[in-house]
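As you go down the protein sequences, you meet chains W and S in turn. The first sequence begins at 362 in the numbering used here and counts up one residue at a time. The second sequence begins at 292 in the numbering used here and counts up one residue at a time. The C-beta atom is built at its ideal place from N, Cα and C for all residues, glycine as well. Below is one structure, written out as C-alpha cells; the observations come after it.
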Amino acid sequence: MKPQQRQLLYAGLAVMLVIIWIFYSADGPQTTAVLAGSVRAATLLALGAMCGMIGERSGVVNIGIEGQFLLSAFAAFTIASMTGSLFLGTIAGIGMGLMMGWLLAAMAVGLKVDQIIAGTVLNIAALGLTSFFYDRSRSLGMGKYTNIDLGPLADIPLVGTVFFSRPPLTYLTMALLVVVHIALFRSVWGMRTRAIGEHPGAADTVGIDVLRLRVFNVTLAGGLAGLGGSYLALEAVGTFSRAMSGGRGFLALAVMIFGRRTPFGAYAAALFFGFTTALQNQFQLNNTFDIPPKFVGMLPFVVTIIVVALSGLVGSMRDPAALGQNYEKG
Amino acid sequence: MSEILLAAENVTKQFPGVLANDDVSIRLRPGRILALLGENGAGKSTLVNVLFGMYRPDSGQVVIKDETVDLHGPDDAISRGIGMVHQHFQLVPPMRVVENIVLGAEPTKRGLVDLDEARDRVVELSERYGLEIDPDALVEDLPVGMQQRVEILKALYRNADVLIMDEPTGVLTPQEADHLLGVLRELTETGLGIIFITHKLREVLAIADDIVVLRNGQVVGETTPSQTSESALAEMMVGRSVVLQVEKSIADPGDVVLKVSGLEVDDDRGQIALDGLSLEVRAGEILGVAGVEGNGQRELVEAITGLRNPSVGFMEIDGEELTGGSPRQITKKGVAHIPEDREKHGVVAVYSVAENSVLNRYHRKPFSIRGILRRDVIRRHAQDVVDEFDVRTPSVSVPASSLSGGNKQKLIVGREFSDDIKLLVAAQPTRGIDIGAIEFIHRRILQQRDKGTAVLLVSAELDEILGLSDRIAVLYDGKIMDVIDAQDADRERIGLLMAGITG
Chain W
362 MKPQQRQLLY AGLAVMLVII WIFYSADGPQ TTAVLAGSVR AATLLALGAM
412 CGMIGERSGV VNIGIEGQFL LSAFAAFTIA SMTGSLFLGT IAGIGMGLMM
462 GWLLAAMAVG LKVDQIIAGT VLNIAALGLT SFFYDRSRSL GMGKYTNIDL
512 GPLADIPLVG TVFFSRPPLT YLTMALLVVV HIALFRSVWG MRTRAIGEHP
562 GAADTVGIDV LRLRVFNVTL AGGLAGLGGS YLALEAVGTF SRAMSGGRGF
612 LALAVMIFGR RTPFGAYAAA LFFGFTTALQ NQFQLNNTFD IPPKFVGMLP
662 FVVTIIVVAL SGLVGSMRDP AALGQNYEKG
Chain S
292 MSEILLAAEN VTKQFPGVLA NDDVSIRLRP GRILALLGEN GAGKSTLVNV
342 LFGMYRPDSG QVVIKDETVD LHGPDDAISR GIGMVHQHFQ LVPPMRVVEN
392 IVLGAEPTKR GLVDLDEARD RVVELSERYG LEIDPDALVE DLPVGMQQRV
442 EILKALYRNA DVLIMDEPTG VLTPQEADHL LGVLRELTET GLGIIFITHK
492 LREVLAIADD IVVLRNGQVV GETTPSQTSE SALAEMMVGR SVVLQVEKSI
542 ADPGDVVLKV SGLEVDDDRG QIALDGLSLE VRAGEILGVA GVEGNGQREL
592 VEAITGLRNP SVGFMEIDGE ELTGGSPRQI TKKGVAHIPE DREKHGVVAV
642 YSVAENSVLN RYHRKPFSIR GILRRDVIRR HAQDVVDEFD VRTPSVSVPA
692 SSLSGGNKQK LIVGREFSDD IKLLVAAQPT RGIDIGAIEF IHRRILQQRD
742 KGTAVLLVSA ELDEILGLSD RIAVLYDGKI MDVIDAQDAD RERIGLLMAG
792 ITG
C-alpha cells in the first residue's frame with residue numbers, strides 16, 4: 362500500500378470511529394445491534410472471499426462459492442441433526458466444501474473445462490441436490506452455536522458486544538483471516554501460489570508443479586467455503602432452508618475484489634457490506650421508512666452494484682495475470 | 292574441474308514429420324562460450340530443450356560434468372547446475388526481484404520465506420559477479436536489460452555452472468547487447484560455461500570461443516571466430532552462398548502518401564502507447580521504424596491499418612482523411628498490410644491457400660458476384676500468386692496451416708501485392724522465416740518501392756531496417772526520437788536513440 366493510500370485509510374477509519382461514537386451516544390442499543398449485525402453478516406462473506414481469493418491468486422476463478430455454501434450448509438445441518446453434534450456437523454460442512462472444491466479443480470484444472478462453466482455446474486448442482494433431498498421434518502434439537510464471552514473483553518461497552526461476545530465459528534473465521542494472510546504473503550506456499558496465478562510458465566521453469574498446486578489450492582479453499590456453509594446453518598440461522606445462501610456466495614466475490622484479494626481488505630469490505638445488511642434489517646424492524654420492506658431489503662445489493670462499479674472506475678486493482686486461463690505445459 | 296561441462300552425444304530427436312535433431316553432438320568446456328547458430332527450425336531449440344531436460348532424446352546421450360545423465364525434467368537439469376535464460380523471460384512481473392530469484396528454492400525460517408536471508412544472498416551474488424541490481428524493485432518496473440539480469444541471477448542463485456542463453460539479444464538495444472556480451476565474458480572467467488543461441492552472425496563472431504552451426508537438424512559446421520567470417524557462417528547456415536546486403540538504387544520519393552500527426556493510441560491495458568506521434572511516408576520511399584519492441588510499434592501499425600482506434604490525432608492516406616477508419620475503408624484506399632503476427636492476423640489457418648489468397652478482396656468482383664464466391668476464379672488467382680511468389684505448396688486447396696512459416700509469409704505478401712497499392716505497411720515482415728524467403732521478400736518490397744509505393748517498414752531487426760530503408764525513424768516510448776537519412780545512419784547513434792538518449 363502506498364503512503365497516501367495508508368493515510369487515506371487511517372483518515373477514513375478515524376472519521377468512522379467518530380461517527381460510531383456519535384451514534385452510540387445518541388442511541389446505544391440500536392448502534393450496538395447494527396454493528397453486531399454487521400459482524401454477523403461479515404463472517405460468511407469473509408469466508409467466501411477467502412475461498413475466492415486463494416483460487417484467484419492461483420489463477421482459478423471460483424464462481425461456485427454460492428453452491429459450496431449451500432451444499433455445505435445442507436451437509437452440516439443434516440449431519441448435526443442426525444448425530445446431535447454441532448461439531449460433527451461443522452466438520453461435515455467443511456468436508457463437503459473440500460469435496461466441491463476438489464470437484465471444481467478436477468473440472469477446471471484437470472479437464473480444462475472453462476472455469477466459469479465449472480463454477481456454474483457447482484451452483485446448479487447444489488441448488489438441485491439440496492432442494493431434492495431437503496427434509497422439512499429435520500431440526501437441530503440441541504439448538505445452534507451460542508455466544509461465548511471472552512472474559513473481561515466482553516464487558517467493554519460496544520466493542521465487547523460486537524467482537525468479543527460471539528459464537529465459536531466467528532472467532533475461528535477471525536483467526537483464519539490472520540492465518541490466511543500470513544500464509545499468502547509470508548509462506549513458501551503463498552509465494553508459489555501468487556506466482557502460478559501471475560505467470561504459471563515462470564513457476565513451471567523453476568520446478569513448481571502448477572497444475573498440482575492449483576488443484577490443492579482450489580480444494581483447500583473449498584474447505585473455507587464449507588466452513589461458511591456450516592456457519593450459515595449451525596451458527597447464523599440454526600436450520601436449513603431452500604436456497605438459504607441467498608446470493609451471498611456471489612456477494613463474497615464482490616467483497617474479495619473490493620478487498621483487493623487480501624484477507625484483511627476482504628474483511629473490511631465484508632464489514633461494510635455486512636453493515637448495509639444490518640442497517641437494512643434494523644430499518645425493517647423499526648419500520649423506519651414507510652415503504653414496502655422489499656425495497657429496503659434491496660439496500661445491500663444496490664450498494665454492491667454501486668461499489669463494484671466505483672471500484673472498477675477507480676481501477677487501481679489489477680487481476681492476477683493468468684486468472685481464468687488454463688495452463689498448458691510447453 | 293571437469294573436462295566437459297555439458298555435452299550432447301549423438302542426440303537424435305524425432306517429432307511427427309520432422310527430424311528435429313539428427314545425430315547431433317556438441318561439447319561445452321568450462322570457461323568457454325559456445326555459440327549455437329542456425330536458422331529458425333534448424334533444431335537449436337530442440338537441442339537445448341534436450342540439454343535442459345524438457346525433451347528426452349530418442350537416441351544419444353546428455354553428459355553433464357563427465358557423467359552420462361538421464362534427465363527427467365528441468366528440475367533435474369537445474370539441480371545438476373544447468374541454468375537457462377529463456378527468450379521470453381520467465382519472471383513474475385508484480386513480484387520483487389528477490390522473490391523472483393528465489394522462487395522455487397526459497398530459504399525459510401520457521402516455516403516462512405526468509406526474505407532477509409534471500410536478499411543477503413542476492414546482494415552477495417550480484418556483487419561477486421558485478422551484476423548490480425535493486426533486490427526490492429518490482430520486476431515490472433525494470434527495463435528489459437535489467438529483467439534479463441534477474442534471469443541470469445536466478446540461474447546463478449541455483450549454483451549454475453552452465454548458462455544456456457536463448458536468443459538473449461533479441462529484445463536489447465545494440466548498446467545493451469554489447470554490455471550483455473561483456474557480462475557473459477566476465478562470467479566465464481569464474482569457470483562458467485555458456486551456450487549462446489542466436490541467428491545474428493555479428494554477435495557470434497564477437498563473443499564465441501567455439502561455433503557450432505546447425506541446419507535441418509544436423510551439425511553442418513564447427514569452427515571458431517578466427518577461422519571464419521560472416522559470409523562463411525551465413526553460407527554454412529543456409530547451405531549456399533547468400534547476399535547479406537540487398538542491392539538497391541537511390542530512392543526517388545514523390546508525393547506524401549501517408550501523413551500521421553499527433554497520434555495518441557492506447558494499448559490493450561489502456562496505457563498510452565503512442566504519445567502524439569507524427570510521421571510522413573512519400574511515394575517511392577521506404578521509411579523504416581526502428582526501436583526495441585514494445586515501444587508502440589504494434590499500436591502504430593494497428594492504428595494505420597484501422598485495427599485500433601486512435602484517441603487523438605489525424606491520419607491521411609493519399610489526400611483523404613481516414614482517422615479511425617475501418618480496415619476495409621483503409622484497404623480500399625490501396626493499403627497493403629503484412630501483419631506482425633502472421634498466424635493471428637495474416638492467414639486463417641483452416642482456410643485453403645486459395646481462400647487465403649483473396650482474404651482482402653473476396654467480396655469484390657471478379658472473386659464474387661452478388662454475394663456468391665466464384666471458386667474457379669479464386670483458384671486461378673491463387674495459382675498465379677503461388678507461381679509468382681514462389682509459395683511451396685502441393686496445391687492451392689490445402690489448408691494454410693500446412694505451409695511453413697516462410698511460405699505462409701510469401702502467400703501473404705503475394706496476396707497483399709497483387710492489387711495496385713499505394714501504401715505498404717510491413718510489420719516484422721521476415722520474422723522467423725528462412726534466409727531464402729527473407730531475401731525474396733526483401734527484393735519484393737524494394738520492387739514495390741521502385742513502382743512508386745510508399746512503404747512503412749516496422750522491424751525489430753536493426754539490420755533489416757538499415758538494409759532496406761531510405762529514411763529511418765526511431766521509436767521510443769511511443770514517440771519518434773528522430774528521423775535519419777539512411778546514408779547518414781550509424782548503428783551507434785540509432786542504438787542510443789532506441790534507448791531514448793538524444794544528442
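DSSP places H636 of chain S in no beta strand (DSSP E); its state is neither H nor E. Shown here, Y688 of chain W sits in coil according to DSSP, grouped into three states, outside any helix or strand.
Taking 8 Å as the cut-off, the Cβ atoms of V676 of chain S and S648 of chain S count as close. Counting along the chain, D565 of chain W sits inside the alpha helix (DSSP H) bounded by residues P561 to T566.
Residue burial annotation: A594 of chain W is buried, with at least 16 other C-beta atoms found within 10 angstroms of its C-beta. Contact between the region 583 to 603 of chain W and the region 456 to 463 of chain W is established, with three or more Cβ pairs separated by less than 8 Å. Under a criterion of Cβ atoms nearer than 9 Å, no residue of chain W is adjacent to L338 of chain S; the nearest Cβ is some 16 Å distant. Within the region 441 to 529 of chain S, complete beta strand (DSSP E) segments of at least 3 residues are found at 453 to 457, 484 to 489, 501 to 506 and 509 to 514, given in chain order. Interface flag for R555 of chain W against chain S is set, since a Cβ pair is found closer than 8 Å.
A contact between stretches requires three or more CB pairs, one per stretch, nearer than 8 Å, and the region 589 to 596 of chain S meets this requirement with the region 550 to 559 of chain S.
In this structure, the beta-carbon distance from G322 of chain S to T479 of chain S falls below 8 Å.
Between D407 of chain S and chain W, the shortest Cβ-Cβ separation is not below 8 Å. L748 of chain S is bridged by DSSP to S:G579 and S:A717. Runs of beta strand (DSSP E) with 3 or more residues, each lying fully within the region 483 to 567 of chain W, are absent.
Of all alpha-carbon atoms in S:E607, S:I541 and S:N651, the one lying nearest the alpha-carbon of H628 of chain S is that of S:N651. Per the DSSP secondary-structure output, D776 of chain S pairs in a beta bridge with S:R762. For T359 of chain S, the enclosing beta strand (DSSP E) covers residues E358 to V360. Going by DSSP, Q352 of chain S is part of the beta strand (DSSP E) stretching over S350 to I355.
Among the residues of chain S, those whose CB is under 8 Å from the CB of H560 of chain W are Q381, L382, V383 and P384, following chain order. Distance from the Cα of F546 of chain W is smallest, within the candidate group S:L483, S:S336, S:V404 and S:K491, for S:V404. Taking the Cα positions, L660 of chain W is about 6 Å away from Q641 of chain W. Among the bridge pairs identified by DSSP, L328 of chain S is matched with S:T489 and S:V504. Sorting W:L465, W:L374, W:V668 and W:F611 by C-alpha distance to the C-alpha of A486 of chain W places W:L465 at the top.
Between the alpha carbons of V309 of chain S and R560 of chain S lies a gap of roughly 39 Å. One thing to note: L766 of chain S has its Cβ within 8 Å of the Cβ of G582 of chain S. Burial state of Y346 of chain S is buried, judged by a 10 Å Cβ sphere holding 16 or more other Cβ atoms. Comparing C-alpha distances from L533 of chain W to each of W:S399, W:V579 and W:E596 shows the shortest one belongs to W:E596. One thing to note: F435 of chain W has its Cβ no nearer than 8 Å to the Cβ of T393 of chain W. Apart from sequence neighbours up to five positions away, the residues of its chain that approach N600 of chain S with a beta-carbon distance below 7 Å are G615, ordered along the chain. When Cβ-Cβ separations below 8 Å define contact, V540 of chain W makes no contact with chain S. Across the structure, I557 of chain W and E390 of chain S are spaced so that their CA atoms are roughly 13 Å apart. For M461 of chain W, the secondary structure class from DSSP, reduced to helix, strand or coil, is helix.
Identification of residues in the region 619 to 630 of chain W having a C-beta nearer than 9 Å to some C-beta of chain S yields an empty set.
Of the other Cβ atoms in all chains shown, fewer than 16 fall within 10 Å of the Cβ of T507 of chain W; this residue is therefore exposed. Per the Cβ contact rule, the region 555 to 575 of chain W is not in contact with the region 426 to 440 of chain W (fewer than 3 Cβ pairs under 8 Å).
Burial is judged here by how many other beta carbons sit within 10 angstroms of a residue's own beta carbon; L472 of chain W has fewer than 16 and is exposed.
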